[in-house]
Amino acid sequence: MKDYITIIGGGLAGCEAAYQIAKRNIKVKLYEMKPQKYSPAHSNENLAEIVCSNSFKSNLLTNACGLLKEELRRLDSLLIKIADETKVPAGQALAVDRENFSKRVTEEIEKNPYIEVIKEEVVDIKQMIKDGIVIIATGPLTSDSLAKEIQKITSQEKLYFFDAAAPIIEKDSINFDIAFYGDRYHQEKKKEETIEEWKERLTKQEREEQSYINLPMNQEEYENFWQELIEAEVVTLHEFEKREIFEGCMPIEIMAKRGIDTLRFGPLKPVGFDDPRTRKKTICHCTIKAR
Amino acid sequence: MIQELGKRPYAIVQLRQDDKQASLYNMVGFQTNLKFKEQKRIFSKIPGLEQAEFVKYGVMHRNTYINSSKLLDNTYNLKNTPNLYFAGQITGVEGYVESISSGMVAALNASDVFWDGVKKHQFSEHTVIGALAKYISTPNEKFQPMNANFGILPELEGKKIKDKKMRYEKLAKRSLGQNIANMREIC
Ligand SMILES: Cc1cc2nc3c(=O)[nH]c(=O)nc-3n(C[C@H](O)[C@H](O)[C@H](O)COP(=O)(O)OP(=O)(O)OC[C@H]3O[C@@H](n4cnc5c(N)ncnc54)[C@H](O)[C@@H]3O)c2cc1C
Ligand SMILES: Cc1cc2nc3c(=O)[nH]c(=O)nc-3n(C[C@H](O)[C@H](O)[C@H](O)COP(=O)(O)OP(=O)(O)OC[C@H]3O[C@@H](n4cnc5c(N)ncnc54)[C@H](O)[C@@H]3O)c2cc1C
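Respectively, the protein sequence lines represent chains A and B. Every letter in the first sequence is one number past the one before it in our numbering, and letter 119, counting from 1, is 119. Every letter in the second sequence is one number past the one before it in our numbering, and letter 42, counting from 1, is 42.
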């Protein structure tokens with residue numbers, strides 16, 4: 001075993017890790033490829049560069065990211081400490097002076113006697129791992145040659161290069177006066193069921209937590225929604241991202257722009273369900289309201 | 001008399017369960033490039049989502065990350081490779097603070113191993129630090145990057161608190177109430 005720990009990538013994670021390890025009297029070799037090479041989003045020589053928004057999000061303990069920051073403060077996080085020291089007014093959020101933040105982190109890391117910063121792109125990690133402990137912290141835009149190496153070392157396991165994700169919602173915040181549980185095609189009465197059985201099944205099914213939640217829309221609601229969607233403001237993509245998006249799946253707003261009914265025949269297709277809001281009272285004794 | 005179902009809706013937005021606990025649901029087919037503020041404004045107009053709490057907005061961007069749900073344990077250590085840790089966005093945590101958090105956990109455990117040969121910093125899943133570490137290292141066929149949010153923490157004991165702010169306060173207290181030195185419970 002070597003008498004040091006290797007860290008690859010001098011970004012947010014790598015710098016925090018370097019500081020924590022040094023604090024425990026262990027030598028660190030911190031590799032950073034800048035300024036030799038820049039990712040498409042990085043643009044200056046500093047360590048811990050903030051690539052986009054200068055916000056570290058909410059500082060309130062009633063926000064999970066605010067709580068996370070407080071936990072990190074209690075563990076003596078160098079980066080949160082410097083964020084606190086370089087903050088700019090932003091209401092309840094912790095926003096930092098971007099330049100100053102990275103500059104201060106760089107100073108702290110470079111003056112630390114336990115840390116040696118090596119400005120070099122790492123492409124081969126096999127030997128390093130044989131020799132001692134290694135932390136890979138090369139971020140969302142890891143250089144290509146290292147990404148290939150990582151893929152090899154994690155053997156066959158997929159390495160993702162593109163993130164096309166839909167929003168995620170907390171279940172507790174959904175209005176179940178309107179929303180209901182259930183898979184498609186499970187609402188119709190089955191031949192062998194009596195009406196009583198069918199009612200009972202429906203009631204049960206719609207209350208029981210299941211893997212799908214459904215939000216019905218009538219024509220007016222849908223058309224308003226569609227109108228908003230096609231007029232909404234979108235993010236300007238980086239040049240390097242445009243091609244990848246094209247190869248990935250299609251954003252919902254692009255699909256919507258193809259025509260007013262495209263979504264209704266695509267991900268929003270209404271088949272297999274009825275809208276409980278329009279049921280006769282006898283069937284739907286407002287099952288869902290009971291929650 | 002045969003009773004009728006209601007009318008067929010004109011359109012349906014489906015949400016699909018996203019975590020084991022079933023506290024998070026993702027919007028099926030809604031990958032998007034809309035600005036976050038626009039997502040909040042427009043998606044909140046979908047009936048039923050008026051008060052929706054978005055723990056993560058839709059994104060479409062370049063992002064290199066490993067399948068941590070198979071590869072890592074909750075110290076960000078590669079399984080079967082004691083010498084190798086991952087930290088930051090490459091592990092599937094998402095965001096500045098989340099990246100710092102994973103760097104912290106990996107570093108504390110790597111230091112433990114350096115001195116004593118054993119990892120000692122398996123954080124309680126009642127903390128956001130621990131919950132994130134647990135989230136990324138829990139088997140999940142549709143593994144996707146995750147922000148810090150209260151949906152990944154275990155629910156509070158006892159009767160459900162309806163008021164969101166009060167619930168979050170309790171969750172925060174549950175996390176910070178524990179002595180940090182004792183945040184080592186093995187999950
Ligand atoms: C364009 C963009 C915008 C983002 N905006 C936000 C935002 O507004 N808010 C937010 O919370 N999160 C944002 N993120 C997500 C994420 O939180 C940040 O990317 C964050 O900086 C990740 O921290 P990290 O330490 O994992 O990686 P980084 O901070 O990116 O650090 C990785 C470092 O490793 C270096 N490196 C890469 N490959 C090698 C190699 N082979 N050898 C040596 N060094 C190497 C890089 O030069 C870089 O300095 C954004 C991501 C991107 C890509
Ligand atoms: C590639 C990338 C990754 C990001 N990752 C994160 C992250 O992990 N966590 C986080 O909190 N913030 C992230 N952001 C930043 C986030 O988009 C917002 O800047 C931030 O949440 C504040 O939102 P806002 O509503 O105040 O600003 P807005 O005015 O809505 O947006 C400000 C800027 O944010 C970016 N942005 C907004 N929506 C999106 C989107 N759907 N996809 C990509 N970029 C968007 C754009 O660059 C925009 O110019 C990322 C941004 C980019 C470009």
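By construction, the Cβ of each residue, glycine as well, lies at the ideal position given by its N, Cα and C atoms. All figures in this text were calculated on a predicted structure; none of them were measured in a lab.
Handout entry: Rounded Cβ spacing between V55 (chain B) and E170 (chain A) (contact assumed at less than 8 Å)
Key = As a position in the second sequence, residue 55 (chain B) is number 55, starting the count at 1. As a position in the first sequence, residue 170 (chain A) is number 170, starting the count at 1. Yes, V55 (chain B) and E170 (chain A) are in contact; Cβ-Cβ is about 6 Å, under 8 Å.
Exercise for the section: May I ask you to list, following chain order, the residues of the stretch 16–35 of chain B that have a beta carbon less than 8 Å from some beta carbon of chain A? Expected result: R16, Q17, D18, A22, S23, L24, Y25, N26, M27, V28, G29, F30, Q31, T32, N33, L34, K35
Problem - Nearest-angstrom beta carbon gap, Y85 (chain B) and I135 (chain A) [assumed within contact, 8 Å] - result: On the first sequence, residue 135 (chain A) is found 135 positions in, with the first residue counted as 1. On the second sequence, residue 85 (chain B) is found 85 positions in, with the first residue counted as 1. So it is a contact: roughly 4 Å between Cβ atoms.
Problem - Within 9 Å, strictly: CB atoms of S99 (chain B) and L68 (chain A) - result: Along the second sequence, one-based indexing puts residue 99 (chain B) at 99. Along the first sequence, one-based indexing puts residue 68 (chain A) at 68. For S99 (chain B) and L68 (chain A), no; Cβs fall outside 9 Å.
Handout entry: Same chain, Cβ closer than 8 Å to L72 (chain B), five either side skipped, listed in chain order
Key = Residue numbering aside, residue 72 (chain B) sits at position 72 when the second sequence is read from its first letter. Closer than 8 Å at Cβ, skipping near neighbours: I66, L78, K79, F86, T91, I136, S137.
Exercise for the section: Give the straight-line distance between the Cα atoms of E169 (chain B) and S175 (chain B), rounded to the nearest whole angstrom. Expected result: On the second sequence, position 169 is the one that residue 169 (chain B) refers to. On the second sequence, position 175 is the one that residue 175 (chain B) refers to. Their backbone Cα atoms lie some 10 Å apart in a straight line.
Handout entry: 8 Å Cβ cut-off: residues of chain B touching L68 (chain A)
Key = Residue mapping note: residue 68 (chain A) aligns to position 68 of the first sequence, counting from 1. Result: V97, E98, S101, V128, I129, L132, A148.
Problem - Helix, strand or coil at L12 (chain A) according to DSSP, with G and I counted as helix - result: Sequence index remark: in the first sequence, residue 12 (chain A) carries index 12 (1-based). L12 (chain A): helix per DSSP, three-state reduction.
Practice task
Output yes or no for whether 9 Å exceeds the beta carbon distance between A133 (chain B) and Q144 (chain B).
Solution key: Residue mapping note: residue 133 (chain B) aligns to position 133 of the second sequence, counting from 1. Residue mapping note: residue 144 (chain B) aligns to position 144 of the second sequence, counting from 1. Against a cut-off of 9 Å, the Cβ pair of Q144 (chain B) and A133 (chain B) comes out as no contact.
Practice task
Report yes if the C-beta of K130 (chain A) is less than 8 Å from at least one heavy atom of ligand 1; otherwise report no.
Solution key: Position 130 of the first sequence, counted from the start, is the residue given in the question as residue 130 (chain A). No - ligand 1 has no heavy atom lying nearer than 8 Å to the Cβ of K130 (chain A).
Exercise for the section: Kindly indicate the opening and closing residues of the alpha helix (DSSP H) around Y168 (chain B). Expected result: Here the question's residue 168 (chain B) lines up with position 168 in the second sequence. From DSSP, the alpha helix (DSSP H) with Y168 (chain B) extends over 164–177.
Exercise for the section: Spatial neighbours of L12 (chain A) within its chain, please: CB distance less than 7 Å, with the 5 preceding and 5 following residues excluded, ordered by chain position. Expected result: As a first step, residue 12 (chain A) must be located in the first sequence, where it is residue number 12. The answer, listed in chain order, is A48, L79.
Problem - Residues in the stretch 55–83 of chain B having any Cβ partner in chain A nearer than 9 Å - result: V55, K56, Y57, G58, V59, M60, H61, R62, N63, T64, Y65, I66, N67, K70, L71, Y76, L78, T81, P82, N83
Handout entry: 8 Å contact criterion, which Y222 (chain A) and Q205 (chain A) should meet: CB distance rounded
Key = To locate residue 222 (chain A), count along the first sequence from 1; it is residue 222. To locate residue 205 (chain A), count along the first sequence from 1; it is residue 205. The pair is not a contact, with the Cβ atoms about 24 Å apart (cut-off 8 Å).
Exercise for the section: Would you list, in sequence order, the uninterrupted beta strand (DSSP E) runs of no fewer than 3 residues that lie entirely inside the stretch 49–120 of chain B? Expected result: 54–56, 59–66, 84–86
Problem - Start-to-end residues for the beta strand (DSSP E) that takes in A93 (chain A) - result: Looking up residue 93 (chain A) in the first sequence gives position 93. That run of the beta strand (DSSP E) goes 93–96.
Handout entry: Residue-level contact to chain B via CB, E16 (chain A), 9 Å cutoff
Key = Within the first sequence, residue 16 (chain A) is the residue found at index 16, counting from 1. So, interface residue.
Handout entry: chain A residues whose Cβ lies nearer than 8 Å to that of I136 (chain B)
Key = Locating residue 136 (chain B) in the second sequence gives position 136, counting from the first residue. Going along chain A, no residue has its Cβ under 8 Å from I136 (chain B), so there is no contact; the nearest lies around 13 Å.
Problem - Rounded C-alpha distance that separates V51 (chain A) from H42 (chain A) - result: The count along the first sequence starts at 1 and reaches residue 51 (chain A) at position 51. The count along the first sequence starts at 1 and reaches residue 42 (chain A) at position 42. Between V51 (chain A) and H42 (chain A), the C-alpha separation is close to 6 Å.
Practice task
Verify whether the separation of the beta carbon atoms of L159 (chain A) and I8 (chain A) is less than 9 Å.
Solution key: For the purposes of this step, residue 159 (chain A) is taken as the residue at position 159 of the first sequence. For the purposes of this step, residue 8 (chain A) is taken as the residue at position 8 of the first sequence. For L159 (chain A) and I8 (chain A), no; Cβs fall outside 9 Å.
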